[in-house]
Amino acid sequence: MEVKKEKIEFFQDKILEWYEENGRHFPWRNKSATNYEKIISEVLLQRTRAETVANFFPKFIKKYPSWKKLGEATKEELQETLKPTGLYKQRGTRLYKLAQEMKERKGRFPVKRDRVEEMPMMGQYNANAYELFILKKPSPLLDVNMARVLERFFGERKLADIRYDPYLQELSQEVVENPQSKEINWGILDFGSLVCEAKSPLCEKCLLSEQCIYFDKLSK
DNA sequence: CTCCAGGTAG
DNA sequence: CTACCCGGAG
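Laid out in structure tokens, this is it:
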């Protein structure tokens with residue numbers, strides 16, 4: 001499925017416009033956020049609502065402000081701390097592994113994307129986030145949220161799993177290919193959470209509806 | 001009840 | 001490729 005360039009530009013413009021007015025604010029989006037904080041936020045955000053993480057994040061950073069401090073925690077201690085966020089056993093075990101790996105690496109996180117993806121807890125999504133936020137390179141935060149927005153507007157994927165769908169992979173990359181890649185990414189996630197909701201999207205107040213496939217189907 | 005800024009074992 | 005993790009918010 002070939003998507004027209006003009007449609008992508010329309011989408012980018014509208015999302016950026018919407019984001020300026022309605023974008024959400026989170027601790028890990030602050031300019032002052034350290035690389036450690038950025039990486040930890042992505043770990044906590046896995047399969048967990050951003051608002052939930054926003055409540056929890058400051059407490060976690062206060063308790064474990066650095067890789068060094070995190071490396072001193074036991075696996076059980078991390079699991080206990082992570083309980084309010086859900087997925088705490090898995091996440092605790094994996095975060096422990098990541099912290100220990102960082103200890104061995106003397107606190108140095110890998111630089112190249114491929115190496116990042118080899119780290120514990122760092123999958124495709126997190127490697128993209130790393131590229132976007134730390135290497136400052138356009139890269140899509142393609143989660144269920146972004147996938148839903150893109151599919152409704154541009155057309156549905158073929159494969160069940162986002163992570164193996166070449167159509168969504170390529171489309172998302174094109175969409176965030178822009179000098180303001182970070183803002184477009186955040187814009188899409190916020191837009192997906194606040195307007196293009198999973199259950200009942202607010203199509204009446206959506207500034208994308210004139211070119212949206214999902215909306216077009218609705219009005220038939 | 002469903003859904004959530006995914007990773008990974010099998 | 002799927003199935004599973006999990007508490008919490010809506």
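So the first sequence is numbered by UniProt numbering: it starts at 1 and just counts up by one.
Where is the CB? At the ideal position from N, CA and C, for every residue including glycine.
Asked, Found
"Supposed contact pair L82 and R91 - C-beta distance, whole angstroms, cut 8 Å", "5 Å"
"Pair within 7 Å by beta-carbon distance, V176 and P201", "no"
"Proximity to E2 [Cα-Cα], best of P166, F191, A147 and I40", "P166"
"Continuous alpha helix (DSSP H) stretch holding W18: start and end", "K5 to N22"
"Backbone secondary structure at F215 - three-state DSSP", "helix"
"DSSP state of Y64 mapped onto helix, strand, coil", "coil"
"Cβ pair G155, I213 closer than 7 Å", "yes"
"Cβ-based burial, Y96 [other Cβ within 10 Å; buried from 16]", "buried"
"Backbone CA spacing between E197 and R148 [nearest angstrom]", "9 Å"
"Simplified DSSP state of G107, which is helix, strand or coil", "coil"
"Start-to-end residues for the alpha helix (DSSP H) that takes in R163", "Premise fails: R163 is in no alpha helix (DSSP H) and is neither H nor E."
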